[in-house]
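Per numbering that gives the first Met the number 0, residue 0 is the first one in the sequence shown, and the count goes up by one each step.
Every residue, glycine too, gets a C-beta built ideally from N, C-alpha and C.
This structure is a prediction, so every number in the text was calculated from the model and none was measured.
Everything below concerns the one structure shown next.
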Amino acid sequence: MVNKEISWLVTGASTLFIVGTDVFIVSPILPSLSFFLAWVNLVIWPKQKRSAPIAIRIAPAPTSLMLRSVLVTVFWATAMYAVYTYLGTALTEDSQLTSSQLASSLIAYGLGAMLGSLNGGRMADRWGAKNVSSASLLGLVVLLGAVGLLYQYAGWLYLLLFAWDFGGYAFVPAYQSRLSVEYPHHLGLIMAWNITGMYIGMTLGAYLGGPIYQVAGFSKLAYLSAAVALVASLCSLRPAPLENLATPSFWRSLSCTYTIFR
């Protein structure tokens, strides 16, 4: 159920970001929304008693492992937002879409993000957070390649944008749930790092996507983003850090054997 709760929170944030609203309308709404979400946070999240020993709770965070885990989110966000940032420009200039067609395409994109976020948590509950997050990234590789190939074909556009965001945003709640399992004693820190990694990826995608779009065009930008998503998917296949600690290496096993029989 925690995965499902995460997906509801992610859906609200992603939908507001993607659909967009006039700044004079959003400004008074945001404070009220913040208070509402704070109340929802207190109600939704279960009050858990810490059963771990104090020595474990105060142990230093495994910084290098956490950074490697967060890099997956950085790569994901870079791949997604390098394409999304310049999608409207490409659809207007290359596909010659009217303003109403452009609005419809962005609605399809937003619906995909909303439903992907909602169902990503549900699928993680059913099939496992690691399986869903890794499958989402592998699907993103294919879908970004398809966007680069077919974005000028209006007949495929709406379905393609919906599928891209449904598959892409299913990653977010699933991967957050995975991180919460892998770093249970540093949950607040890993969540903060993961959100920061997402913003870093958004910034990198928008910053690097501009020159690539100007020099090589939108299709090449989408293909390069698919390559970044492939890197993210390969990084996502790593074993869990807790499994690494629980499974002794060859040299550690050899050392233990020597100690026993010495």
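- Residues Phe165 of the same chain have their beta carbon placed closer than 7 Å to that of Leu114, with the five preceding and five following residues left out of the count.
- The C-alpha of Gly200 is placed about 10 Å away from the C-alpha of Val71.
- Annotation: Leu117 to Ala169 spans about 7 Å, alpha carbon to alpha carbon.
- Judged by DSSP in its simplified three-state form, Gln213 adopts helix.
- Residues Tyr80, Ala81, Thr84 of the same chain have their beta carbon placed closer than 8 Å to that of Ala205, with the five preceding and five following residues left out of the count.
- For Glu181, the number of other beta carbons within 10 angstroms of its own is at least 16, and it is reported as buried.
- For Asp124, the enclosing alpha helix (DSSP H) begins and ends at 98-126.
- Your pair Leu96 and Leu105 does not check out as a contact, with CB atoms roughly 10 Å apart and the cut at 8 Å.
- In the three-state reduction of the DSSP assignment, Ala134 falls in the helix class, which pools H, G and I.
- In the DSSP assignment, Ala89 falls within the alpha helix (DSSP H) that extends over 86-92.
- The stretch 182-190 and the stretch 128-148 do not touch, with fewer than 3 CB-CB distances between them shorter than 8 Å.
- For Thr62, the closest C-alpha among the options Ser232, His185, Thr202, Met197 is that of His185.
- Judged by DSSP in its simplified three-state form, Leu223 adopts helix.
- For Arg177, the enclosing alpha helix (DSSP H) covers residues 170-181.
- The stretch 122-129 and the stretch 145-160 do not touch, with fewer than 3 CB-CB distances between them shorter than 8 Å.
- A distance below 8 Å separates the beta carbons of Tyr150 and Phe217.
- Of the residues assessed, Pro238 falls on the exposed side of the cut-off, its CB having fewer than 16 other CB atoms within 10 angstroms.
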